[in-house]
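Numbering (this note's numbering), first residue to last: 115 to 364.
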């Protein structure tokens, strides 16, 4: 069970020899996991918003295609089926791509992510085992998988780490399928995977600061989204309360 709320399956690094159905069967067989109810882990604090001034600005502004097609190519459907997606569910991802053209992942790379209570699922079909790891390793697997998935689906997704990983690692924010004509999507995927693999958790948890900035960016394109009946998605991948620059939560 992941310490990152709602990410029980998200921490899995999918491999060609592990189908999604095998993972689902494994989870559904665990009677301690009730997918119909919110997590009962009382030791996980729920993030609350607080105002933080001077929000961070994106180094490279991202362009979004609000007219994203809902039609999936045979190659895209084939990739998803290899992952264990039924044909109908694979095609439905095309609809979600068109409905949610804005996707943001807020990735918690604060020092608390070093805590060794994370989990990964590994092994061949019908022989899946739970392997202990720290929270950051679990989240790295989730980000890698969703970066690769965003590339295959050409679904614009921006990943934004809470703390700057440093110039030797790469930018704090990176986007896959940015709709930039001069950048191949696979290059963006490769960069995303490289950055997340090289990053190490440290620092505080300035969640509110990043949410304020993302809110401004969504508000700027809200009329276009509403006109097309579209919405934005924000995924919070974190293990705790937001904090200020001193690491204090209010």
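Glycine is no exception: its CB is placed at the ideal position from the N, C-alpha and C atoms.
Model, not experiment: these values are computed from the prediction.
- Contact between the stretch 216-228 and the stretch 345-360 is present, with at least three C-beta pairs closer than 8 Å.
- In the three-state scheme derived from DSSP, where H, G and I count as helix and E and B as strand, residue 283 is classed as coil.
- Short of 7 Å from the beta carbon of residue 310, and not among the five residues preceding or following it, lie these beta carbons of its own chain, in chain order: 254, 257, 258.
- By the CB criterion at 8 Å, residue 363 and residue 350 fall outside the cutoff.
- When the Cα atoms are used, residue 238 and residue 359 turn out to be separated by approximately 44 Å.
- Measuring C-alpha to C-alpha distances from residue 221 to each of 194, 261, 201 identifies 261 as the nearest.
- Annotation for residue 357: 318, 319, 363 place their beta carbon closer than 6 Å to its own, counting only its chain and skipping 5 residues before and after.
- In the structure shown, residue 346 adopts extended strand secondary structure according to DSSP, grouped into three states.
- Around the C-beta of residue 240, fewer than 16 other C-beta atoms lie within 10 Å, and the residue is accordingly described as exposed.
- As the crow flies, the alpha-carbon of residue 229 is around 21 Å from that of residue 243.
- Judged by DSSP secondary structure, residue 274 falls within the beta strand (DSSP E) whose first and last residues are 271-275.
- Going by C-alpha positions, residue 321 is about 19 Å away from residue 289.
- Scanning 352, 223, 316, 305 for the CA closest to the CA of residue 265 turns up 305.
- Beta-bridge pairing by DSSP links residue 202 to no other residue.
- Contact between residue 308 and residue 284 holds, with the beta-carbon distance rounding to 7 Å and staying under 8 Å.
- C-alpha of residue 208 to C-alpha of residue 250: approximately 30 Å in a straight line.
- It is roughly 43 Å from the alpha-carbon of residue 248 to the alpha-carbon of residue 341.
- When DSSP states are grouped into helix, strand and coil, residue 324 belongs to the helix group.
- Just so you know, the alpha carbons of residue 201 and residue 330 end up roughly 37 Å apart.
- Nearest C-alpha to residue 226 among 267, 276, 272, 294: 276.
- The residue among 324, 203, 252, 245 with its C-alpha nearest the C-alpha of residue 315 is 252.
- Here DSSP, grouped into helix, strand and coil, assigns residue 289 to strand.
- Between residue 301 and the set 328, 327, 268, the nearest pair of CA atoms involves 268.
- Leaving aside the five residues that flank residue 328 on each side, the residues in its chain whose CB is nearer than 7 Å to its CB run, in chain order, 218, 348.
- Residue environment for residue 352: buried (at least 16 other C-beta atoms within 10 angstroms of its C-beta).
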